[in-house]
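Just so you know, the sequence shown maps onto residues 3 to 116 in the numbering used here.
Using N, Cα and C, we set each Cβ at its ideal position, and we do this for glycine too.
As structure tokens, the structure follows; a few thoughts come after it.
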Amino acid sequence: MLAVVIADAGREGEFQFQRREFGTTASELRELRGWLDRQAVREAVMESTAQYWKPVWQELEGHCELALAQAHSNRAPQGRKRDFADAERLLRRHVAGELILSFVPNPNSGCGGP
């Protein structure tokens with residue numbers, strides 16, 4: 003399950019979040035991309051949890067500017083995991099420039115080797 007939140011980060015004051023859950027099958031990822039397109043999302047940030055971020059990244063690549071946050075830079079306070087609260091914190095911290103982002107190479111750039 004993907005916990006997805008969007009907000010207009012350009013507006014002053016408190017964020018007004020929209021929240022939705024999406025599955026991780028190919029058709030559900032296309033549905034996610036369509037929803038983000040309809041909401042005019044121009045930028046997305048996600049946590050790099052194991053390899054689970056890759057299919058989401060591949061589906062969204064080219065549709066909006068993507069950033070991959072290292073999971074340890076978005077640590078939650080101790081206690082129970084809450085997916086939507088974690089996603090909201092990730093968005094706020096990204097807007098504030100507080101996340102450590104991972105480098106994701108362009109798959110079309112090649113290895114650069116001989």
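Might you give, ordered along the chain, the residues of its own chain that have their beta carbon closer than 8 Å to the beta carbon of residue i, omitting 5 neighbours on each side?
i, result
"Ala46", "Leu38, Leu62, Cys66, Glu67, Leu68, Ala69"
How would you call residue i, buried or exposed, if buried means at least 16 neighbouring beta carbons within 10 angstroms?
i, result
"Met48", "buried"
"Ala28", "exposed"
"Arg35", "buried"
"Ala52", "exposed"
"Ala89", "buried"
Quick check: what's the CA-CA separation for residue i versus residue j?
i, j, result
"Phe86", "Leu4", "9 Å"
"Val6", "Asn108", "24 Å"
"Gln60", "Tyr54", "11 Å"
"Thr26", "Ala98", "28 Å"
"His96", "Glu30", "25 Å"
"Phe105", "Ala42", "25 Å"
"Ser50", "Arg40", "25 Å"
"Leu103", "Gly64", "18 Å"
"Lys56", "Arg94", "22 Å"
Do the CB positions of residue i and residue j come within less than 8 Å of each other?
i, j, result
"Leu101", "Ala71", "yes"
"Glu33", "Phe24", "yes"
"Gln18", "Ala11", "no"
Suppose the cutoff is 6 Å on Cβ atoms and the five residues either side in sequence are ignored; what does the same chain contact list for residue i look like?
i, result
"Arg21", "Val7, Phe86"
On the DSSP bridge assignment, give the partners of residue i in chain order.
i, result
"Arg22", "Val6"
"Gln72", "Ser50"
Below 7 Å CB to CB, which residues in the same chain sit around residue i once its five sequence neighbours on both sides are set aside?
i, result
"Arg44", "Cys66, Glu67"
"Leu92", "Val47, Glu49, Ala71, Asn76"
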